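Down below is the structure, laid out as structure tokens.
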Amino acid sequence: MNKTMFALALSALAGTAAAQSNVTVYGIVDVAVVRESGGVGTAAASTKLTSGVESGSRLGFKGTEDLGSGLSAIFLLENGFQADTGAMGQGGLLFGRQAYVGLQSKTAGTLTLGRQYTPQYLAVAAVDPFGSGTAGDTKNLMASTGNSASRMDNAVKYASPVVNGFNAEVVYGVGEVAGDSTAQRQFGGALAYTSGPLVVRLAHHNRNNDTATLKNTSSAKNTVLTALYDFGVAKAHFAYGVDKGLNSALPRNLNNPFGYAVAPTPSIDSSVVLLGVTVPQGMGTWLASYIRKNDKTSFNQDAQQLAAGYRHYLSKRTDLYGVYAYIRNKNGAGYTVGSAIEGGSGNRGLNLGIRHVF
1 MNKTMFALAL SALAGTAAAQ SNVTVYGIVD VAVVRESGGV GTAAASTKLT SGVESGSRLG
61 FKGTEDLGSG LSAIFLLENG FQADTGAMGQ GGLLFGRQAY VGLQSKTAGT LTLGRQYTPQ
121 YLAVAAVDPF GSGTAGDTKN LMASTGNSAS RMDNAVKYAS PVVNGFNAEV VYGVGEVAGD
181 STAQRQFGGA LAYTSGPLVV RLAHHNRNND TATLKNTSSA KNTVLTALYD FGVAKAHFAY
241 GVDKGLNSAL PRNLNNPFGY AVAPTPSIDS SVVLLGVTVP QGMGTWLASY IRKNDKTSFN
301 QDAQQLAAGY RHYLSKRTDL YGVYAYIRNK NGAGYTVGSA IEGGSGNRGL NLGIRHVF
């Protein structure tokens with residue numbers, strides 16, 4: 001069924017692209033050799049070929065239509081796929097990465113409706129030296145918000161134009177639980193300021209944990225302050241996040257990957273700090289980051305991640321990369337080294353890959 005729908009969508013969009021010059025087809029193909037270790041059982045050590053390690057492999061379509069008076073209609077449909085097997089990504093969703101339509105005004109901002117990224121995730125990804133991918137991914141220790149992998153379903157988002165260096169973004173996601181307008185509801189926003197080499201963002205996300213049968217739970221609340229400064233010879237990266245409430249900071253691997261007698265307890269009150277640096281050199285860039293997770297519950301399951309890597313550009317659209325990351329878990333914490341699309345199975349990971357953008 002998915003294959004048939006995908007073929008029909010490609011055919012229809014190809015016809016649109018031929019008739020209009022404002023429709024763009026784009027994508028990424030990313031594959032790497034991944035070595036994971038530090039887990040238990042079959043996950044104690046494994047070597048595999050994985051798609052979407054640095055950036056999730058994707059095929060996308062985006063376009064605009066000029067409606068006059070500075071107003072345009074816009075859309076974006078982005079499919080995720082596994083380049084190592086050809087399978088669909090995001091659990092088999094046709095356009096699981098993004099799918100939205102909206103209106104864009106040169107003076108009033110942009111309003112979009114559909115499946116979209118949360119402002120909190122975008123704020124973190126923008127300052128991650130590893131671009132929210134590879135073994136150094138911030139998501140290993142910093143919370144992901146939204147329905148899945150930092151995306152919101154049923155979302156209405158507004159992004160303001162930039163005024164004196166400031167711009168804002170707000171989003172609201174309908175829970176769509178019958179008989180309960182607040183269950184599974186999400187909302188968030190971000191405020192950004194740009195001045196020359198400095199970019200600062202403050203973002204927040206709130207998700208209601210109630211379901212049709214589970215009521216009066218605490219909401220998951222995630223707040224983050226990020227900063228990026230370009231010194232020319234290097235960029236400095238910083239983030240500080242606060243996570244509170246049920247499901248606010250779930251580990252990426254919930255299957256007790258280290259085989260503890262007592263499974264790790266997801267934190268409901270924690271903070272996390274990121275310090276990073278990127279240094280361009282010739283045709284490449286050196287990357288490094290340190291992340292510290294501070295669990296403020298009585299379990300005190302803290303964790304620290306160190307990551308280092310190098311990205312070499314063969315051209316503007318093709319790069320080779322190598323990244324290694326290590327997580328030190330304390331007091332039975334169960335954090336794992338993953339990548340852009342995987343949660344990982346141990347506390348150590350090595351990636352050697354290639355990415356092509358088209």
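For what it's worth, the UniProt record's numbering labels the leading residue of the sequence shown as 1, then goes sequentially.
Quick reminder that beta carbons are idealized off the backbone N, C-alpha and C, glycines included.
This structure is a prediction, so every number in the text was calculated from the model and none was measured.
**Q.** Thr118 - DSSP class collapsed to helix/strand/coil
**A.** As a first step, residue 118 must be located in the sequence shown, where it is residue number 118. Three-state DSSP puts Thr118 in coil, outside helix and strand.
Q: Can you check DSSP and say which residues form a bridge with Val156?
A: Looking up residue 156 in the sequence shown gives position 156. Answer is Leu113, Tyr172.
(Q) Using a 10 Å radius around the Cβ and a threshold of 16 neighbouring Cβ atoms, would you call Phe231 buried or exposed? (A) For the purposes of this step, residue 231 is identified with residue 231 of the sequence shown, where counting begins at 1. When all chains shown are included, Phe231 counts as exposed.
Q) What is the residue span of the beta strand (DSSP E) that Tyr193 lies within? A) Counting from one through the sequence shown, the residue named residue 193 turns up at place 193. Taken as a continuous stretch (DSSP letters only), the beta strand (DSSP E) holding Tyr193 covers 186-195.
Q: Kindly indicate which three-state DSSP category Thr226 falls into: helix, strand or coil?
A: Numbered from 1 along the sequence shown, position 226 holds the residue referred to as residue 226. The three-state reading of DSSP puts Thr226 in strand, counting E and B together.
**Q.** Rounded C-alpha distance that separates Thr278 from Gly338
**A.** Here residue 278 refers to the residue found at position 278 when the sequence shown is read from its first residue. Here residue 338 refers to the residue found at position 338 when the sequence shown is read from its first residue. If I take the Cα positions, the gap works out to 20 angstroms.
Q: Could you check how far apart the C-beta atoms of Ile268 and Leu246 are, in whole angstroms? I think they sit under 8 angstroms.
A: Translated into positions along the sequence shown, residue 268 becomes position 268. Translated into positions along the sequence shown, residue 246 becomes position 246. Contact annotation, Ile268 with Leu246: C-beta distance approximately 6 angstroms; criterion of less than 8 angstroms satisfied.
Q: Reducing DSSP to helix, strand and coil, say where Lys139 ends up.
A: Position 139 of the sequence shown, counted from the start, is the residue given in the question as residue 139. In the structure shown, Lys139 sits in a helix (DSSP, three-state: H, G or I).
Q: Answer yes or no: does any C-beta atom of chain D fall closer than 8 angstroms to that of Arg58?
A: Any reference to chain D falls outside this structure, which holds one protein chain only.
Q | Burial state of Met283 (16 or more Cβ within 10 Å) | A | By one-based count along the sequence shown, residue 283 stands at place 283. Met283 should be labelled exposed.
Q. Hey, quick one: how far does the beta strand (DSSP E) through residue 361 stretch, first residue to last?
A. Only positions 1 to 358 of the chain appear in this structure, which leaves residue 361 out of reach.
Q. How about the segment 248-267 and the segment 100-117: do they share at least three Cβ pairs that are nearer than 8 angstroms?
A. Inter-segment contact for the segment 248-267 and the segment 100-117 is absent: fewer than three beta-carbon pairs are separated by less than 8 angstroms.
Q) Buried or exposed: which applies to Met1, given that a residue is buried once 16 or more other Cβ atoms fall within 10 Å of its Cβ? A) Taking the sequence shown and counting its residues from 1, the one referred to as residue 1 is at position 1. With a pLDDT of 45 at Met1, under the threshold of 50, the modelled position of this residue cannot be trusted, and the question is left open.
Q) Leaving out five residues before and five after Asn167 in sequence, what residues of the same chain have Cβ atoms less than 6 angstroms from its Cβ? A) Within the sequence shown, numbered from 1, the residue matching residue 167 stands at position 167. Contacts found: Ser160, Ala192.
(Q) Cutting at 7 angstroms between CB atoms, please list the residues of its own chain near Val242, excluding the five before and the five after it. (A) Working through the sequence shown from its first residue, we reach residue 242 at position 242. Once the five neighbours on either side are set aside, the close Cβ partners of Val242 are Thr223, Ser271.
Q) Buried or exposed: where does Val233 fall if 16 or more other Cβ atoms within 10 Å of its Cβ makes it buried? A) By one-based count along the sequence shown, residue 233 stands at place 233. Exposed, by the Cβ-count rule.
Q.
Looking at the secondary structure, which residues open and close the beta strand (DSSP E) in which Tyr290 lies?
A. Here the question's residue 290 lines up with position 290 in the sequence shown. Per DSSP, the continuous beta strand (DSSP E) segment holding Tyr290 begins and ends at 284-295.
Q: Starting from the Cα of Asn79, find the closest Cα among Val53, Arg115, Gly68, Gln104 and give me that residue.
A: Counting from 1 along the sequence shown, the entry for residue 79 is found at position 79. Ranking Val53, Arg115, Gly68, Gln104 by Cα distance to Asn79 puts Arg115 first.
Q: Take the Cβ of Gly86 as the centre, count every other Cβ of all protein chains shown within 10 Å, and call the residue buried at 16 or more, exposed below.
A: Here residue 86 corresponds to residue number 86 of the sequence shown, with the count starting at 1. Exposed: under 16 other Cβ atoms inside 10 Å.
Q) Exposed or buried, Gln305, counting other C-beta atoms within 10 Å across all chains shown (16 or more means buried)? A) As a first step, residue 305 is located in the sequence shown; it is residue number 305 there, counting from the start. Label assigned to Gln305: buried.
**Q.** Distance, Pro129 Cα to Val228 Cα
**A.** The residue you call residue 228 lines up with position 228 of the sequence shown. The residue you call residue 129 lines up with position 129 of the sequence shown. A small correction: the amino acid at residue 228 is Leu; Val does not occupy that position in the sequence shown. Near 10 angstroms, if we compare the C-alpha coordinates of Pro129 and Leu228.
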